[in-house]
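Taken in sequence, the protein lines are chains A and B. Going by our numbering, the final residue of the first sequence carries number 372, and the count climbs one at a time with no gaps. Going by our numbering, the final residue of the second sequence carries number 1372, and the count climbs one at a time with no gaps. Virtual Cβ for every residue (Gly too), placed ideally from N, Cα, C. Everything below concerns the one structure shown next.
Number of protein chains: 2
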Amino acid sequence: MPQIDPHSTSNVVIDLGERSYAIAIGTGLIGQPATYADLPRASQALIVSNTAVAPLYAEQARAALSAHYPQVHMLALPDGEAYKTWETLQRIFDALLTHGCDRKTVLFALGGGVVGDMTGFAAASFMRGVPFVQIPTTLLAQVDSSVGGKTGINHPLGKNMVGAFYQPHRVVCDLDTLQTLPPRELSAGLAEIIKYGPIADTAFLDWIEANLPDLLARAPQALAHAVRRSCEIKAWVVAQDEREAGLRAILNFGHTFGHAIEAGMGYGAWLHGEAVGCGMVMAARLSAALGMVDAAFAERLVMLVAAAGLPVKGPVLDPGDNAGRYLALMRLDKKAQAGAITFVLIDGPGRAVMREAPEALVRSVIDSCCAG
Amino acid sequence: MPQIDPHSTSNVVIDLGERSYAIAIGTGLIGQPATYADLPRASQALIVSNTAVAPLYAEQARAALSAHYPQVHMLALPDGEAYKTWETLQRIFDALLTHGCDRKTVLFALGGGVVGDMTGFAAASFMRGVPFVQIPTTLLAQVDSSVGGKTGINHPLGKNMVGAFYQPHRVVCDLDTLQTLPPRELSAGLAEIIKYGPIADTAFLDWIEANLPDLLARAPQALAHAVRRSCEIKAWVVAQDEREAGLRAILNFGHTFGHAIEAGMGYGAWLHGEAVGCGMVMAARLSAALGMVDAAFAERLVMLVAAAGLPVKGPVLDPGDNAGRYLALMRLDKKAQAGAITFVLIDGPGRAVMREAPEALVRSVIDSCCAG
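Set out below in C-alpha cells:
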C-alpha cells in the first residue's frame, strides 16, 4: 500500500488552462483560514449547506472564512436528492439577492453532491457567473461529483437535465468529514471509487480489493489514498475532455443503468452511489455478454460491489415489462441520441468504450440482474 | 446616407475564436432553407416563439427548417417581459424532454428579446448546453439583445439576475419582421440604436438624427443601415470583452436608471427600450452635471429620444422619496458592487466610461427628470 501521510495536505491539479484549479486533500482543512487564503476576494461570501451537514461543519467554515470575507452568510437547504430541484435552487438566488450580494460574491458548497451540484449551478447562473468553491463532505462528492465542473438540477423527466459546465476555483476535501458519514453513504462513495478501476486502472482495482476492510473501517491512510487516486484519474480524464465530447463519458460507467434505477424508483429512494454500484453490475455483465471482457472479471466486480455494502440486484420497476421500463428510462439519458442508448462498457480490464448494444441482449441482462 | 441594398443579405461577424458566428441581415430570410444551410445537424429542432409572433412567422420558419431537420417542434410562450420567469423557462425544458430531444437538438429563438433571452438560457442549460440560433423579430432584439450571448431570466428582486453567457451559432435578422412591429416596439428598438451614437460613434448619431423620419416610416434601406451599423459596433465591443469584465459595460448606457424604472414599475409596464430611452436622458444629464459633457450634447440626445417616440420623463416610483427608491433599486443592479452604483456616463461625445457619482447629484438629476 502506498505510504501517504493523511495529516499532510496533498494537492491534485485539474489542468484546464485558465480554468485550472487544485483539489486539496487532507485533514482539518475546513476550519483553517489558510485553506481559503488565495481565493478571489469579495465583500461577501455565502456558504450553502444542508440541514444535516451545517450543524457539523458550518460554524468552523464560517469562522475560517471570516478571516477573508467581511460578511459570511449561511444557507442550509433541505437534505437529499429529492430536493435537487429548481425550487431549492431558487432559495440560493433569494438568499444572494436578499443579502445584496454582487458579481464578486464567492459561493462555498459545503455538503454532498446535491449541495455541490446546486451551488455550482447557482454560481454559474447568478448574475451570469460568480466564483465558487467546493467543500465536499461525502466520500462520493470528494471522489467524483465535486471535481470536474458538472453542475445542475434534476427535472421530473430526467436527472441532471438542467445545468452547466462550470469549474470551481478550488475543491477542499477534508477527510475528517468522512468519519461522521452514515455507513450507507460511505458505501455509496465506494461505488464511484471502485468505478475508476475497471475503466482506467486495474492496479487501483487490486488495491481497493486488498484494502476494502480498511476503507470500510475508515482508516485515514486508506481513505487518503483512495480519494487522491480517484481525483487523479478524474483530473486526467476531465483535462482531456472538459465538456464530455468524448472520453469523459467513460466516467459514466454504471450510470446509464443507475440513472434508470434512480428515476424509476423516484429520486432519493436509492442513493446515487447505490444505483451506480448496481448499474456497474449490469454494465459489466452486458460487457461480458457482448464478449468484450471475461465473465470472471465481471463477477469479480460484482463481488467487490457487494463487499462494499452496495446492492447488486436491481429493483423491479414494472412487474409487467421490467426491462421495457428500464429501456424507456435509459432512452431519456443525456447520452442517448435520437432514442439510441449508448452504454459505457468494459473493453478488457482497465479500458472503457462507448457503444450501443442489441436490445434483446440488454433485456436479458436486465432480467438476470433484477430481483424477482 | 450609405447605399445599402436591403434586398441583399449582408453579414456581420462576431469574432470570438471558436465561438465566432455571423449575423445575417436582409429580407425574406426566415422562410428560406438556405438561411439555415450550414448549421449543426440533428434529428430534432425546436422553435421557441411567443403567441404574438408565432402566427406571423412560425410556419415559414418550420417549413424552411424541415429541409434540414427530420422533426421540427414548435412552442409558443406567453408574450411579454412579465413572463421572463423560471416558470416560463420550465415550459421549454418540458417541451424538450417530452419530445425526447437530445444533446444535439438545435433551438431556434423566434421573437423579441424575451424569447431570445429565455431560449438562449434554455439552450445553455439543457443537458448542460445545446446549440441555438437567434431569429430576432423586433428591432430591439436585432440591434442589441440577440447579439453577444447574454441570456437569462428575471428574478422578483432584479432583472436578468439568473442567466449565462452563451453564444448562438447564428443570428438571423429578417428586416421584413420590422414591418409588422407595433409602433411602440419600433420606438423601443430605436432607443438601443440611438445608444450606440453617444457611447461609440458620433457620425452614426448624426446619421440617426438625419434619417429618423425614414426609420420611423420603416424605410427598408434606413432600417438595413441602422441594424447593420448597430451590430457592427456591438460586435466590436463584445469581441473585446465577451463576459463584461470591462469595456462591454458601456453597452449598458441608460440601463442602470432604466432597470430601476422597469423594476419599480413592475416588469412589462414599460418596454425595456422605453426605460432605456428615459434612462439615457438621466445618464446624459448626470454626465453633464458632472461636467463630463456639454449640457447642449445632453439636451440634443434628449430631443432625439423624444423624437423617436420615447418617454423622456421618468415615472414617480415613490411619492415620499422618489430618488431614494430609484437609488435602492439601482443598488440591486448587477453592475453595483458592495452597494456602490456604477454609472455608464458620457465622457465627451462618442466616448463612455464607468464611474460612481455623488449621491446628492444623482438625486437632483432624478428629481429633475421625473414627472411631478
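- Closest by C-alpha distance to A/Ala52, out of A/Tyr166, A/Ala45, A/Leu140 and A/Thr180, is A/Thr180.
- Inclusion of B/Val1238 and B/Cys1369 in the CB contact set at 8 angstroms is not warranted, their separation being larger than that value.
- Comparing alpha-carbon positions, the option among B/Leu1190, B/Ala1058, B/Phe1165 and B/Ala1360 lying closest to B/Leu1271 turns out to be B/Leu1190.
- Under the Cβ criterion of 8 angstroms, A/Lys104 is counted among the residues facing chain B.
- Three or more Cβ pairs closer than 8 angstroms define a contact, and the stretch 103–116 of chain A meets that threshold against the stretch 60–76 of chain A.
- Close to chain A, meaning a Cβ-Cβ distance shorter than 8 angstroms, are the following residues of the stretch 1076–1103 of chain B: Trp1086, Gln1090, Phe1093, Asp1094, Leu1097, Thr1098, Gly1100, Asp1102 and Arg1103.
- Using a Cβ-Cβ cut-off of 7 angstroms, B/Val1162 is close to Phe93, Ser125 and Phe126 of chain A, given in chain order.
- Residues of chain B with a Cβ closer than 7 angstroms to the Cβ of A/Gln337 are, in chain order, Asp1102, Arg1103 and Lys1104.
- Annotation for B/Gln1044: the continuous beta strand (DSSP E) segment containing it runs Gln1044 to Asn1050.
- Contact between A/Leu16 and A/Leu157 is absent: CB atoms are separated by about 31 angstroms, not below the 8 angstroms threshold.
- Under the 10 Å beta carbon count, B/Val1013 is surrounded by fewer than 16 other beta carbons and is classified as exposed.
- Between the C-alpha atoms of A/Gly120 and A/Lys150 there is a straight-line separation of about 8 angstroms.
- In the structure shown, B/Ala1340 adopts extended strand secondary structure according to DSSP, grouped into three states.
- The C-beta distance from A/Ala235 to B/Arg1128 rounds to 19 angstroms, too long to meet the 8 angstroms contact threshold.
- Beta-bridge annotation (DSSP): A/Gln60 is not paired with any residue.
- The CB of B/Leu1247 never comes closer than 7 angstroms to any CB in chain A; the least such distance is about 16 angstroms.
- In summary, the residues of the stretch 26–43 of chain A whose CB is separated from some CB of chain B by less than 9 angstroms are Ala42 and Ser43, in the order they occur in the chain.
- Within 8 angstroms of the CB of A/Lys150, the CB atoms of chain B belong to Arg1128, in sequence order along the chain.
- Per the C-alpha coordinates, the member of B/Val1302, B/Glu1242, B/Lys1313 and B/Gly1273 positioned closest to B/Leu1139 is B/Gly1273.
- Rounded to whole angstroms, the Cβ separation of B/Val1114 and B/His1169 is 20 angstroms, and the two are not in contact under 8 angstroms.
- A buried status is given to B/Leu1175, since no fewer than 16 other beta-carbon atoms sit within 10 Å of its beta-carbon.
- Cβ-Cβ distances below 7 angstroms link B/Thr1177 to Tyr1057 and Thr1137 in the same chain, with the five nearest sequence neighbours on each side left out; the list follows chain order.
- Collapsing the DSSP output to three states places B/His1259 in a helix.
- In the DSSP annotation of this structure, the continuous segment of the alpha helix (DSSP H) that includes A/Gly113 starts and ends at Gly113 to Ser125.
- For B/His1155, the secondary structure class from DSSP, reduced to helix, strand or coil, is strand.
- Membership of B/Leu1075 in the beta strand (DSSP E) is indicated by the continuous run Gln1071 to Leu1077.
- When C-alpha distances from B/Ser1125 are compared across B/Ala1210, B/Leu1097 and B/Gln1337, the shortest belongs to B/Leu1097.
- The Cβ-Cβ distance between A/Ile25 and A/Ala64 does not fall below 8 angstroms.
- Residue environment: A/Ala371 is assigned as exposed (fewer than 16 neighbouring CB atoms within 10 Å of its CB, all protein chains considered).
- Contact holds between the stretch 258–270 of chain A and the stretch 317–335 of chain A, because three or more Cβ pairs, one in each stretch, are under 8 angstroms apart.
- When rounded, the separation of the alpha-carbon atoms in B/Pro1220 and B/Arg1041 is 32 angstroms.
- Between A/Pro198 and A/Gly350 the beta-carbon gap is near 7 angstroms, inside 8 angstroms, which marks them as a contact.
- Annotation: the stretch 168–217 of chain A contains the following complete segments of the alpha helix (DSSP H) (minimum length 4 residues), in chain order: 183–200 and 202–216.
- Among the CB atoms of chain B, none fall inside 8 angstroms of the CB of A/Lys159.
- Spatial neighbours of B/Thr1035 in its own chain (CB-CB distance under 8 angstroms, excluding positions within 5 residues in sequence) are listed in chain order as Ala1024, Leu1029, Ala1064 and Val1172.
- Per DSSP, the unbroken alpha helix (DSSP H) holding A/Ala288 starts and ends at His272 to Ala289.
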